[in-house]
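Here this note's numbering is used: position 196 in the sequence shown is 196, and no number is missing along the way.
Every residue, glycine too, gets a C-beta built ideally from N, C-alpha and C.
Below is one structure, written out as structure tokens; comments come after it.
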Amino acid sequence: MTSPGSRGEDYPRRDLDAQVESTFEEQSAIVRFTSNPVILASLGSAPFAGGIASLLSDNARKRQEIRYRNFLIDFAKYVDARWDDLQRHIDEDFVSSEEFVTVMAEGLEEAGRTADETKLRYLRDYIINSAMLDRPDIKWRDVFKSYLGQLSGTHLVCLQHVFDRQQQVSETDRMGQVRSDDVPISINQFSSRNPGVDETLARLCFGDLANTGLLVDWRSLGNRDGVFQEEYCITGSGLHFMWFMEGKWRMLRD
Numbered sequence: 001m002t003s004p005g006s007r008g009e010d011y012p013r014r015d016l017d018a019q020v021e022s023t024f025e026e027q028s029a030i031v032r033f034t035s036n037p038v039i040l041a042s043l044g045s046a047p048f049a050g051g052i053a054s055l056l057s058d059n060a061r062k063r064q065e066i067r068y069r070n071f072l073i074d075f076a077k078y079v080d081a082r083w084d085d086l087q088r089h090i091d092e093d094f095v096s097s098e099e100f101v102t103v104m105a106e107g108l109e110e111a112g113r114t115a116d117e118t119k120l121r122y123l124r125d126y127i128i129n130s131a132m133l134d135r136p137d138i139k140w141r142d143v144f145k146s147y148l149g150q151l152s153g154t155h156l157v158c159l160q161h162v163f164d165r166q167q168q169v170s171e172t173d174r175m176g177q178v179r180s181d182d183v184p185i186s187i188n189q190f191s192s193r194n195p196g197v198d199e200t201l202a203r204l205c206f207g208d209l210a211n212t213g214l215l216v217d218w219r220s221l222g223n224r225d226g227v228f229q230e231e232y233c234i235t236g237s238g239l240h241f242m243w244f245m246e247g248k249w250r251m252l253r254d
């Protein structure tokens, strides 16, 4: 039996209802006072009660509603706070299109499946970067959406670390057999700089990222230096994905 303040099956229905209603009120204030086209489009395209109800039921639906709405509120606050800079890069015609409605709905569905703050931040950035004037076409974005759907917050922390270290390294150096400070990245190197991620979990996540094609295990490149620990480099696919997630698609193509 769970305690009244817990999130278990016996979580009081009235408390859950109060949280949903509170979120409704805050969301309504955003709709009422904003003129930001991205916020209006995202809130207007959101699968509110009717759409959510078609996906879920009863207690699960209530919890999912809270996740949807909190994600939308955080998204709206983020966009609003940075609008002076963002508006120069946003395609407002695209934001009012059915294609953006689809992008937003897909992002919301994914957000409803996680409470991981890192994953939610990447979902927010995926939506915003999909609305940029300079953005990949829908075929590229479908690939990136697939990657994001497969990755947890810890996967993304691992990938971000390798990207930050290797984004300026040439493909020849990344995929060659000459070591440098940033090529390749070992699990030990990662763990020393990210003490909040368990080393065993990091090893699993790095392996998953290699299986996805976003990283490559240095040993699989024919390296013959006698080192047997797992060491990784970012692939072209990993670079494309991360440049998009950082809103720098143009920089990759220049």
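| task | For my contact list, glycine 112 and tyrosine 68 are in at a C-beta cut-off of 8 angstroms; report their separation, rounded to the angstrom. | result | So it is a contact: roughly 5 angstroms between Cβ atoms.
| field | Exposure of proline 136, with buried meaning 16 or more beta-carbon neighbours within 10 Å | value | Buried, by the Cβ-count rule.
| said: Using CA atoms only, rank isn't needed, just tell me which of Ala115, Glu98 and Lys119 is closest to glycine 149. | reply: Ranking Ala115, Glu98 and Lys119 by Cα distance to glycine 149 puts Lys119 first.
| request: Starting from isoleucine 66, follow its DSSP beta bridges and name the residues at the other end. | output: According to DSSP, isoleucine 66 bridges with nothing at all.
| task | Determine the direct distance from the alpha carbon of valine 95 to that of asparagine 188, and round the result to whole angstroms. | result | Their backbone Cα atoms lie some 43 angstroms apart in a straight line.
| query | Going along the chain, which residues of its own chain have a beta-carbon closer than 8 angstroms to the beta-carbon of leucine 100, five neighbours each way excluded? | reply | Sequence inspection shows phenylalanine at residue 100; the leucine mentioned does not correspond to that position. Around phenylalanine 100, the same chain offers Ala41, Ser45, Phe94, Ser130 and Ala131 as residues with beta carbons nearer than 8 angstroms, after the five sequence neighbours per side are excluded.
| request: Under the assumption that glycine 238 contacts leucine 159 (Cβ atoms under 8 angstroms), give the Cβ distance between them as a whole number of angstroms. | output: A Cβ-Cβ separation of about 6 angstroms places glycine 238 in contact with leucine 159 under the 8 angstroms criterion.
| request: For tryptophan 83, collect the residues of the same chain with a Cβ closer than 7 angstroms to its Cβ; drop the 5 residues on either side in sequence, then sort them by chain order. | output: Non-local beta-carbon contacts of tryptophan 83 in its own chain, meaning distances under 7 angstroms to residues more than five positions away in sequence, involve Asn36 in chain order.
| query | According to DSSP, which residues form a beta bridge with aspartate 217? | reply | According to DSSP, which records beta bridges pairwise, aspartate 217 is partnered with Tyr232.
| request: Would you mind sorting leucine 209 into buried or exposed? The rule is 16 or more other CB atoms within 10 Å of its CB. | output: Within 10 angstroms of the beta-carbon of leucine 209 lie 16 or more other beta-carbons, which makes it buried.
| query | Terminal residues of the continuous alpha helix (DSSP H) containing asparagine 129? | reply | Note, asparagine 129: alpha helix (DSSP H), 117-130.
| query | For serine 97, does the three-state DSSP call read helix, strand or coil? | reply | Coil at serine 97, not helix or strand.
| field | Residues of its chain near serine 191, where Cβ-Cβ distance is below 8 angstroms and the 5 sequence neighbours each way are ignored | value | Once the five neighbours on either side are set aside, the close Cβ partners of serine 191 are Val197, Glu199 and Ala202.
| field | Start-to-end residues for the alpha helix (DSSP H) that takes in isoleucine 138 | value | For isoleucine 138, the enclosing alpha helix (DSSP H) starts and ends at 138-150.
| message | Contact between the stretch 138-157 and the stretch 165-179 is defined here as three or more beta-carbon pairs at a separation below 8 angstroms; is this criterion met? | response | Too few Cβ pairs lie closer than 8 angstroms, so no.
| query | DSSP on serine 170, reduced to helix/strand/coil? | reply | Of the three classes helix, strand and coil, the one that applies to serine 170 here is coil, per DSSP.
| said: Using the three-state DSSP reduction, which class does serine 191 fall into: helix, strand or coil? | reply: Of the three classes helix, strand and coil, the one that applies to serine 191 here is helix, per DSSP.
| Can you check whether the CB of isoleucine 185 is closer than 8 angstroms to the CB of valine 162? | Yes. Within cutoff.
| Burial state of leucine 156 (16 or more Cβ within 10 Å) | Under this definition leucine 156 is a buried residue.
| request: Alpha carbon to alpha carbon, how far is threonine 114 from glutamate 230? Give it in angstroms, no decimals. | output: When rounded, the distance between both Cα atoms is 29 angstroms.
| task | Could you name the residues of the same chain whose beta carbon sits closer than 8 angstroms to that of arginine 250, not counting the 5 residues immediately before and after it, in chain order? | result | Once the five neighbours on either side are set aside, the close Cβ partners of arginine 250 are Asp134.
| Run through DSSP, which three-state label would serine 180 get? | In the structure shown, serine 180 falls within a coil segment according to DSSP collapsed to helix, strand and coil.
| request: Please say whether isoleucine 234 and aspartate 204 have beta carbons closer to each other than 8 angstroms? | output: First, the residue type needs correcting, since residue 204 is leucine and not aspartate in the sequence shown. In terms of Cβ geometry, leucine 204 and isoleucine 234 do not form a close pair [threshold 8 angstroms].
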